[in-house]
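The block underneath contains the structure these notes are about, expressed in structure tokens.
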Amino acid sequence: MESKTCKKCGVTKPRDQFWKSSDTRDGLQRWCCACGSENNKKKWRAQGGGVRVRAYTQDGRAKICFKCGVEKPLEEFGEYRRSDGKTGERRGCKECRRAYIRERGKREDIKHYRQVYNEQTRERRKERAAANYQANRERLLEKQRLWRTENRDYCREHSRDYLRRQRLNTIQAYGGRCACCGEHRLEFLSIDHINGGGRKHRREIGGSIYVWLRKNNFPDGFQVLCHSCNMAKGLYGVCPHQSGKACEVQV
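Here the sequence shown is numbered in the working numbering, starting from 1 and rising by one per residue.
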């Protein structure tokens with residue numbers, strides 16, 4: 001059946017002029033889109049909503065956020081996909097939507113739902129993500145490269161912040177102070193290979209030693225030393241703090 005009769009206006013119209021519905025046998029609402037829109041407007045006005053403000057500007061290049069009421073470029077609005085496959089901009093701008101999602105995520109019922117959902121679907125989501133990556137590998141890599149190029153400063157700052165946190169967590173995991181002299185100020189501390197071979201090991205892992213230690217559950221064979229004790233151990237085999245022998249400076 002390519003057409004349907006609207007129960008409101010009695011006019012027979014094509015099926016694409018009826019909204020979808022899961023409650024009816026044919027999958028379409030009883031009223032056509034025009035009648036449904038008019039009915040929604042009446043309900044809105046009856047509830048004190050009045051006349052809605054036009055969302056888009058005349059040139060179609062900007063939109064007014066329904067939440068903050070600020071006119072912003074279309075790039076500031078997220079995209080959504082309708083059930084008929086068409087896409088459009090969301091009513092709220094990205095900034096307002098992020099604020100809403102943050103506040104919504106603080107609710108206890110939402111936290112519980114997310115925890116249960118993540119536990120039940122973890123493996124399925126991993127498999128789906130892996131399959132999607134393999135099927136769209138080149139496109140995803142190009143998209144990632146383009147995003148990193150456009151957000152170079154953000155990526156650099158994010159990377160520095162990530163490494164700072166990894167360094168702090170790793171040093172705390174190994175005691176948080178120099179194992180030789182007791183220095184505890186973070187800016188003076190480093191990770192030492194107890195049995196040597198640090199340079200070779202760093203070349204093998206090719207990345208941050210702090211990240212590697214965390215990913216390997218902070219294995220034995222490493223300790224925290226301040227830069228002075230670490231350098232002295234590398235030069236003399238043992239730090240003078242431990243040997244009890246002070247090195248004299250020739251003038």
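Each residue gets a CB set at the ideal place from its N, CA and C atoms; glycine is no exception.
In this text, all values refer to a predicted model and were calculated from it rather than measured experimentally.
Contact set for I205: own chain, Cβ-Cβ below 6 Å, skip 5 residues either direction: W212
Endpoints, alpha helix (DSSP H) assigned at L186: Counting along the chain, L186 falls outside any alpha helix (DSSP H), and DSSP gives it neither H nor E.
DSSP beta-bridge partners of P73: A62
Local conformation of Q238 per DSSP, three classes: Rather than Gln, the amino acid found at residue 238 in this sequence is Val. In the structure shown, V238 sits in coil (DSSP, three-state: anything other than H, G, I, E or B).
Under 8 Å between C-beta atoms of K8 and C35: The beta carbons of K8 and C35 sit closer together than 8 Å.
Reference G237, options H201, Y210, H193 and P219, closest by Cα: H193
Cβ contact check for the segment 70-80 and the segment 103-113: 3 or more pairs under 8 Å: no
S3, enclosing alpha helix (DSSP H) - first and last residue: From DSSP, S3 is part of no alpha helix (DSSP H) but of the beta strand (DSSP E) over S3 to T5.
DSSP state of I171 mapped onto helix, strand, coil: Here I171 sits in helix by DSSP.
Outcome for L186 when other beta-carbon atoms lying within 10 angstroms are tallied against a minimum of 16: exposed
Limits of the alpha helix (DSSP H) - the one that K126 falls within: E108 to A135
Own chain residues within Cβ distance below 6 Å of Q29, not counting five before or after: F18, W19 and S21
Reference K63; option with closest CA among Y162, E127, S3 and G88: G88
Given S83 as reference, the closest of Y162, R98 and D16 once Cα atoms are compared: D16
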